[in-house]
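Take a look at the structure below.
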Amino acid sequence: MDERVHPEVRHVAADIDTMEVRGAATIADAVARALRTQAEESDATDPEAFRAELRAAARALHETRPTAVSLPNALRYVLRGMSSTTVEGLRQDIVTSADDFCQRLDRAQADLGKVGANRLRDGDVIMTHCHSTDALACVEAAVEQGKHIEAIVKETRPRNQGHITAEELADMGVPVTLIVDSAARRYLNDVDHVLVGADAVAADGSVINKIGTSGLAVNARDRGTPIMVASQTLKLHPGTLTGHTVDIEMRDTEEIIDEERREEIGSPKVVNPAFDVTPPRYVDAIVTERGQFPPESIVTLMRELFGEGTSEPWAEP
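The working numbering numbers the first residue of the sequence shown as 8 and each following residue consecutively.
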């Protein structure tokens, strides 16, 4: 890693890479704060050296999670504020942009939760997949409105993020039933909404989320169960406006099976995709802090926020 990168940025990058820091909003917040630390602690003596140092820090963060679109969106928001002509001015630009970003991020999830709660009725049962703070914000807001919500939570192999969801729902007072992933179809008849988050949303309304989401969506549509995706606008993927596809991250195979056991069973090839793509036809609504949208119209919001394309301010000029 570039020696100009501050140790705190290195630490944040490592935590994101190993999923010690997870969830799109949490990742974005950590990235913005890391850039602020880089700016505050910089020893650069001229403006161009300062800009180059911030770009190096941003690249170190950007390389950790290619699918987590909130990460580059956070980098764009903070770095675009560098407009001053002195080191001290640039330092203050970054600090101000990072603070503003984090404040907006704090409000966004609460606003999204209120929108999503309006789709949940008293007595509804939801089914979740993986762990999404955006999805849980909808449930929390519904509970605060006095609605009784119950949850069927998929464990979400191989990292069992569903256990985190189950614990946090229980803390809200929501009755939880934990099931293995392959039992989802059996229980969909008992569910009023499938509620999931998103790591990214493409311009055509496709939802990139934890592996297994697309299969759940297909089963839910077959059973007539509505599918709601909770996604802050931070997770919209502006690159898809210009035809770019979304990379699907391949995780370490030892999350599935360790090398010794793999050899014991004949050394099969092991693959561990982290995400899959759910086509828009399987999604009923995408809930954001800006309101709810049918997936086919999310492109309108994306153009409003990002224009027709996007830049990479962390790249060397």
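For every residue, glycine included, the Cβ atom is placed at its ideal position computed from N, Cα and C. Keep in mind that this is a model prediction, so the values were computed, not measured.
Host alpha helix (DSSP H) of residue i (start-end)
i	result
ILE171	168 to 178
GLY30	Note, GLY30: premise wrong, no alpha helix (DSSP H); not H, not E.
ALA105	94 to 124
PRO79	77 to 86
VAL19	14 to 24
Contact belief for residue i with residue j at Cβ below 8 Å, rounded distance in angstroms
i	j	result
ASP9	ALA67	7 Å
GLU262	ARG166	6 Å
GLY169	VAL160	5 Å
LEU243	ILE305	7 Å
VAL201	ASN216	Contact flag wrong, Cβ pair sits at about 11 Å.
THR163	ASP188	7 Å
SER139	ALA237	6 Å
VAL146	ALA207	Not really, about 22 Å apart at Cβ, beyond 8 Å.
Separation of residue j from residue i, as counted between CA atoms
i	j	result
THR71	ALA21	8 Å
ALA35	ASP259	23 Å
ALA224	ILE234	7 Å
ARG40	THR103	11 Å
ILE264	ASP283	20 Å
SER90	ARG11	21 Å
SER213	GLY250	13 Å
GLN299	THR307	12 Å
ALA117	ASP129	20 Å
LYS276	VAL150	45 Å
CYS137	LEU82	25 Å
SER49	ILE218	40 Å
THR246	ASP291	As written in the sequence, residue 246 is Gly, which differs from the Thr given in the question. Looking at the two C-alpha atoms, the distance is approximately 23 Å.
ALA286	GLU267	Looking at the sequence shown, residue 286 is not Ala but Pro. If you take the alpha carbons of PRO286 and GLU267, they lie about 38 Å apart.
LEU42	GLU60	10 Å
ASP53	GLY123	47 Å
ARG269	VAL278	12 Å
ALA329	GLU303	There is simply no residue 329 to check, as the chain begins at 8 and stops at 324 in what is shown.
ALA205	GLY30	9 Å
HIS315	PRO324	Going by the sequence as given, residue 315 is Glu instead of His. Using only the alpha carbons, I get a separation of about 21 Å.
GLY231	ILE101	48 Å
ALA144	PRO79	23 Å
MET26	LEU97	31 Å
TYR2	LYS154	Any answer about residue 2 is impossible in this case: the structure gives the chain only from 8 up to 324.
ARG317	GLY120	The question names Arg, but residue 317 in the sequence shown is Thr. Taking the straight line from one Cα to the other gives about 28 Å.
PRO14	ASP106	20 Å
ALA173	VAL183	6 Å
MET309	VAL294	14 Å
Three-way DSSP call (helix, strand, coil) for residue i in this model
i	result
ILE293	strand
VAL284	strand
GLY273	coil
MET309	helix
LEU68	helix
LEU243	strand
Start and end residues, beta strand (DSSP E) containing residue i
i	result
VAL236	234 to 237
VAL132	132 to 135
GLY298	298 to 300
Any C-beta of chain D under 9 Å from that of residue i
i	result
GLY212	The chain labelled as chain D is not found in the depicted structure, where only one protein chain is given.
Those runs of the beta strand (DSSP E) which lie wholly inside the region 146 to 224 and span at least 3 residues: List check, beta strand (DSSP E) in window: 157 to 161, 183 to 186, 200 to 203 and 214 to 217.
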